[in-house]
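Below is one structure; the comments refer to it alone.
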């Protein structure tokens, strides 16, 4: 970085707004810390840390004039270029700094990870880097690339002085390579509209906008990292940053013993003509600067697929146009050249490379384009109907008969109509010489067998068919495309439903303007026997087989048969085949069949669906619907349902849709701001002293969480800096000290010592919460019905205590009457509320098969209920009104918003079939996600590697998926098991060098490695059945009887 590049562009006042990097830095640093700033400018943050947080400050700044402004308060003031780290690193002591701040500086450096790697030794034992860095996948960048632009600015993401560009994942991966681990990740937001950078959404097409808005990081302006030292990291023998950089780019071409040099600029085309008059192998060695490149090669104008890039770190098999980030590569082109053959190579840097990397979602819907290209080449286009132009919203065609079965049994008391209908259709077909039969003939047979006129049942079947037939959006686009080109269009179907019925259905779905529909039951000719194809060729002599293409899902009837007649075909695989449905159609209940069909018709029709949206549709939407349906059924006679923030946010949205559909107008649906921190912690004021001590000194050990003194004081709502002498008196050195088994007794003594201080603060907080609940009108209900995720009923228990305190303080002769409805409840539900709690997935740990699995994978379920709003941290009173106070960030917002939007879209379709879906089994809604968690598909783990979460009130982030090198996996798989069992997705990890599922499976197999430890997903019987619970039952028989009776009643209600 040159002196000219630092003319106080970043000199300003400190910005205390929560959505800023300044706020992140000052809030992350504990008082009295030793802080080193890289690029402090004129010291606007330095002075604040020094005066307000009493920190010892040091800084490295390239501008002497800027440094002089702040140097009087610096212990170490170094006027040097950060790039030249060798010149100044020895001026700093080893193991000294609590924090090294890199705020918007690393992107200006030639090799930022060289700087971090060397500075790592200057961190104290538990010291951290605080880093903010622009996000290159922000939509302002992608919008430019869509317009073939990559314009640098004077400030911002594309600041003209920026040398390096990173996304969240690329930065994290590079940090890991130099021995740093991600302790926490935060973000700042910036919407492209109004930035002044010419990136307004309104200037982009709807298709482009949809893709941009699906980009999870599209509004993430900066990624903010807290990085710590990875103690298990082993230094490579030859670290990358020691390689020197060339001042220019060059290419050497080796042909036999000849060698030629070429120098090139970005995007130049290099053309080489083979000189030898014999077959030869060509090798090309490119020396390039370490930045993303795309390399394309052509031999005699034909694209060439590279055999390999070889470099000092091994061979990388790639295809034409892939990216490389190596210092030297030798491109081996294995081709039998002859004299005069031409080889062209184009190497593109930066903007072009980033364009392809960042716009992964802007991929063409390949199937749609493929079919369109086939239509372009043919004059006549014919379509099959079912599973091609239209879908049914049942998984198997005969499932319509299951719906009919219920109708017939209810109206006519005839059981098993499902099998009667199928068997008598078979009998009708066996009794005719025609190629097909129609529905009238089938019901004539049924009427004779049942000995009454079954016309009513036939009409009901037609009604159900019409209700469950839906459009295939991809094929509608194909159909309309063919129409726009004035192609001749025919509809061909082997079907017992009459043409008039099918034509009416097709017309209602927008399929109009075709020339004719050929239906087998009326024409008496079928695709199965080829007769319908022959009939059309004979009837329309102007149609030639080689000008006709047929599109359908049956490989025999729609593909092989027409092709045997020289008619081109396109095999449009059915949804069941695309979704790899193995289950026997008779074994799936009709409600689950309907739900799966709606889901699969959406994601498998042929359109590309962004990952998190597809995840929400396939795995999460059923849970949202099943839970909300259950809540609605159990509360249809009640006058209120109150959904607790934040886990009740999505259930409320779904419940409100159901409420409208079922006309449950008498139910007040409310959303109440809550959090365990804002309710449970203040409610400790109403606990005994012993209960409070236990509550404040417990940690989430199942997730590897380590409680610190600082966190304990935060939970107690006290500032630890006011009690530094106290913690030292009880044997702790600093607020960062971890409370473990050996020191927990000391922590308990601290709580006992400051008990009165805690009570004074918490009682005031409780009064604010009670005033807020009064403000929301909760005390007017005789019975309050609340909804949350579970598991012990902590907030319900806290609300009950606060309700009772409120009634007592107001002189009201009343007791709290709160009922809780949860995704699940465990056996540790508070005894005072156990009779008033109900679990959907499992209730009081029953069934244990569900509860043990869910509680072992708790954060996987917490993740899918994460609200796209910040977490509540407390309340404040302003202008006589109590208002919620939120944390300054939302964890994983970009991902949870995408999955929830996908889920809510498909739930709208569930609601259309609510009369058929209501009461769907718990397993029908929860098994897909359970299986997802157990399967640990590598492609899914690659996506989950991007996210992390908090397991307690104010803890560091924990990853869902961690990553390791191939070497670590081969040499230390058992250690990896030990580490990954604490991942939020247990035993889930990916391999740094592997980006595809196929490569991963080959690696695991060839390395003879067990992917998981034995019994990884086998869960022991719930502690509901444990000896301790048996003893509790003996001691409290009435509660035990109530708990058991409750399970029985719930089963009856279900």
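Numbering (our numbering), first residue to last: 16 to 1069. Using N, Cα and C, we set each Cβ at its ideal position, and we do this for glycine too. Values in this document were obtained by computation on a predicted structure and should not be read as measured data.
Within 8 Å, strictly: CB atoms of residue i and residue j
i           : j           : result
residue 50  : residue 128 : no
residue 626 : residue 665 : no
residue 688 : residue 647 : no
residue 151 : residue 40  : no
residue 606 : residue 939 : yes
residue 394 : residue 562 : yes
residue 493 : residue 583 : no
residue 667 : residue 694 : no
residue 803 : residue 621 : no
residue 130 : residue 100 : yes
residue 8   : residue 509 : Lying before the first or after the last residue shown, residue 8 is absent from the chain, which here runs from 16 to 1069.
residue 724 : residue 752 : yes
residue 835 : residue 819 : no
residue 216 : residue 404 : no
residue 233 : residue 154 : yes
residue 566 : residue 550 : no
residue 957 : residue 635 : no
Strand pairing of residue i, partner residues [DSSP]
i           : result
residue 508 : 534
residue 979 : 1006
residue 204 : 235
residue 852 : 835
residue 118 : 147
residue 563 : 395
residue 974 : 963
residue 900 : 889
residue 723 : 753
residue 92  : 74
residue 243 : 143 and 196
residue 168 : 174
residue 181 : 150
Whole-angstrom C-beta distance between residue j and residue i, which should lie under 8 Å
i           : j            : result
residue 944 : residue 231  : Residue 944 to residue 231, Cβ: 20 Å. No contact.
residue 451 : residue 511  : 7 Å
residue 876 : residue 869  : 6 Å
residue 918 : residue 631  : 4 Å
residue 777 : residue 697  : 5 Å
residue 807 : residue 844  : 6 Å
residue 963 : residue 1007 : Rounded, the Cβ-Cβ distance is 17 Å, inconsistent with contact.
residue 532 : residue 514  : 5 Å
residue 617 : residue 926  : With 8 Å as the limit, residue 617 and residue 926 do not qualify as a contact, their Cβ atoms being about 14 Å apart.
residue 480 : residue 415  : 6 Å
residue 202 : residue 238  : 6 Å
Alpha helix (DSSP H) segment containing residue i, residue limits
i           : result
residue 894 : First-last for residue 894: undefined, no H or E at that position.
residue 939 : 937 to 950
residue 648 : 636 to 649
residue 69  : It is not in any alpha helix (DSSP H) - residue 69 carries neither H nor E in the DSSP assignment.
residue 154 : 154 to 161
residue 551 : 546 to 554
residue 405 : Careful: residue 405 lies outside any alpha helix (DSSP H), inside the beta strand (DSSP E) at 405 to 407.
residue 666 : 664 to 677
residue 412 : Where residue 412 is concerned, there is no enclosing alpha helix (DSSP H), given that its DSSP letter is neither H nor E.
residue 759 : 759 to 768
residue 710 : 704 to 711
Where the beta strand (DSSP E) containing residue i begins and where it ends
i           : result
residue 52  : 49 to 53
residue 586 : 583 to 586
residue 684 : 683 to 687
residue 803 : 799 to 803
residue 659 : 655 to 659
residue 486 : 484 to 486
Practice task
Would you check if there are 3 or more beta carbon pairs closer than 8 Å linking the segment 534 to 554 to the segment 570 to 581?
Solution key: yes
Handout entry: Cβ contact check for the segment 994 to 1012 and the segment 217 to 233: 3 or more pairs under 8 Å
Key = no
Handout entry: the segment 403 to 417 contacting the segment 471 to 491, beta-carbon criterion three pairs below 8 Å
Key = yes
Exercise for the section: Could you say if the segment 841 to 857 and the segment 724 to 743 meet the contact criterion of at least three C-beta pairs nearer than 8 Å? Expected result: no
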